[in-house]
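For what it's worth, our numbering labels the leading residue of the sequence shown as 323, then goes sequentially.
First the structure, in the form of structure tokens, and then the observations on it.
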Amino acid sequence: NVLNAKQHQREAEVVLRAGQRGAVTLATNMAGRGTDIKLGEGITGLGGLHILGTERHESRRIDLQLRGRSGRQGDPGSSVFFLSLEDDLMRLFSSERISRLMDRMGLPEGEVITHRFVTKSIERAQKRVESRNFGIRKHLLEYDDVMNRQREIIYDRRNYALHGLDLVAEVEEMISELADSLLQSDTVATDGMIDFEALRHELGNTLLMDFQVEGGIDGDLDVVKKSIQEQAMSQYTFKRSLADSEAFVHFERYIILRTVDEKWQQHLYSMDQLREGIGLRAYGQKDPLLEYKRESSDMFIEMLDDINRATLRRLFGVRIAGLEERRPQLQRVGRQLQTSHAEAVNMGFMASSQAARQQPEGQT
């Protein structure tokens, strides 16, 4: 009888007969865990269930699970493991030393060795493997923590777009961040000097507005930023006043969610590409984890800036003339936002290793 965790209905019958006298059951590591094998009549007096292991696993937990098939619920039982010096665990850590010992003792090939020294050597090897595996999992978790922090920020942003009461404040914050980004860029500001033509060009591309350079602002960055915010918000407030307020709120939610989802999917793909090749930085005497954290932070900041720009471009570029006629359609969009949110969880917000398999097409 064989237990391999594949044929559940048949294996239940195998487990039922495994405790009978004369029954021999073969089981893989995945099968039979957490199962009490009921001993048949007279088996208790014969010593109970006997376990034969053909190799030791890298994890002591797996060995203990195998041993645990016998001696359950107070029943008698025993277990013994048979190993070879060619087993993976022995070959990696202890086989050479034991082989030299056998040569010095003059033991013939194939001779069975039962000694406390062998048992201790195996336990030490298992501990070293478990320690190494723990270090690997801990190291991978540090990479995952980077994505988790970024994911939390994006979740907060989406939740506010879905349930926030003051989306105008959200738009105003985007304009403020856009102004900071432009005034810190080399194309607009160099050595504290502002290129107003370049600034007007950037604002025209993003906010579709004709930025007016008022007298007295000169090169003061704070004054220029304030002027950008005031002119942009004046234009946006006027545009909102031309449309039905409820319909326009639905439109704002839709645009913000759509843009965040698009940019987040692209970011997941880029992060997956970065993680695949970051290990090569070790050849340049650099810590791959530190390099990953640094570059992922830069990429995340760039993504947030892209979200702001794309969202503002869409909001400022909307034509209000047909908005009233499209009011029923926009209201349907509002009712579908919750559905869109659920779909986004399975689309743009799935685990990074899964979402990054498909490179999305960027839309602006």
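Backbone N, C-alpha and C fix where the C-beta goes; we use that ideal spot for every residue, glycine too.
Contact set for residue i: own chain, Cβ-Cβ below 6 Å, skip 5 residues either direction
| i | result |
| --- | --- |
| residue 333 | 325 |
| residue 574 | 489 |
| residue 636 | 577 |
| residue 668 | In this prediction, residue 668 scores a pLDDT of 46, lower than 50, which makes its location untrustworthy; no coordinate-derived value is stated. |
| residue 408 | none |
| residue 684 | In this prediction, residue 684 scores a pLDDT of 41, lower than 50, which makes its location untrustworthy; the coordinate-derived value is nonetheless stated afterwards. If we look at residue 684 and ignore the five residues flanking it on each side, its Cβ neighbours are 588. |
| residue 677 | For residue 677, the pLDDT reaches just 39, beneath the cut-off of 50, and the residue's location in the model is therefore unreliable, although a value from the coordinates is still provided. So the list reads 590, once near-sequence residues are dropped. |
N-terminal and C-terminal residue of the alpha helix (DSSP H) that residue i is part of
| i | result |
| --- | --- |
| residue 573 | 567 to 599 |
| residue 337 | 330 to 339 |
| residue 503 | 489 to 506 |
| residue 373 | Not the alpha helix (DSSP H): residue 373 falls in the beta strand (DSSP E), residues 371 to 375. |
| residue 362 | Segment: none, residue 362 is in no alpha helix (DSSP H) and carries neither H nor E. |
| residue 380 | Residue 380 -> no alpha helix (DSSP H), and no H or E assigned at all. |
| residue 620 | 610 to 638 |
| residue 559 | 543 to 563 |
| residue 448 | 438 to 485 |
| residue 527 | 518 to 529 |
Residue i vs residue j beta-carbon contact at 8 Å
| i | j | result |
| --- | --- | --- |
| residue 600 | residue 591 | no |
| residue 545 | residue 483 | no |
| residue 531 | residue 565 | no |
| residue 391 | residue 365 | no |
| residue 543 | residue 521 | no |
| residue 634 | residue 476 | no |
| residue 628 | residue 585 | yes |
| residue 550 | residue 570 | no |
| residue 558 | residue 493 | yes |
| residue 448 | residue 382 | yes |
| residue 373 | residue 401 | yes |
| residue 380 | residue 451 | yes |
| residue 472 | residue 638 | no |
Local Cβ density within 10 Å of residue i, reported as buried at 16 or more and exposed below that
| i | result |
| --- | --- |
| residue 630 | buried |
| residue 480 | buried |
| residue 510 | buried |
| residue 568 | exposed |
| residue 524 | buried |
| residue 572 | buried |
| residue 528 | buried |
| residue 330 | exposed |
| residue 411 | buried |
| residue 632 | buried |
| residue 399 | buried |
| residue 454 | exposed |
| residue 444 | buried |
| residue 426 | exposed |
| residue 562 | buried |
| residue 626 | buried |
Residues near residue i by beta carbon distance below 7 Å, same chain, minus five either side
| i | result |
| --- | --- |
| residue 361 | 341, 370, 371, 397 |
| residue 403 | 375, 378 |
| residue 318 | Residue 318 is absent from the structure shown; the chain starts at 323 and stops at 686. |
| residue 618 | 468, 593, 596 |
| residue 464 | 611 |
| residue 679 | Summary for residue 679: the model assigns pLDDT 39, below 50, so the residue's position carries little reliability, and this model does not support an answer. |
| residue 486 | 492 |
| residue 604 | 610 |
Span of the beta strand (DSSP E) around residue i
| i | result |
| --- | --- |
| residue 402 | 399 to 403 |
Neighbourhood of residue i by C-beta distance below 8 Å, restricted to the same chain and skipping five residues each side
| i | result |
| --- | --- |
| residue 323 | 336, 339, 340, 345, 346, 347, 348 |
| residue 457 | none |
| residue 547 | 498, 501, 502, 505 |
| residue 368 | 343 |
| residue 461 | 611 |
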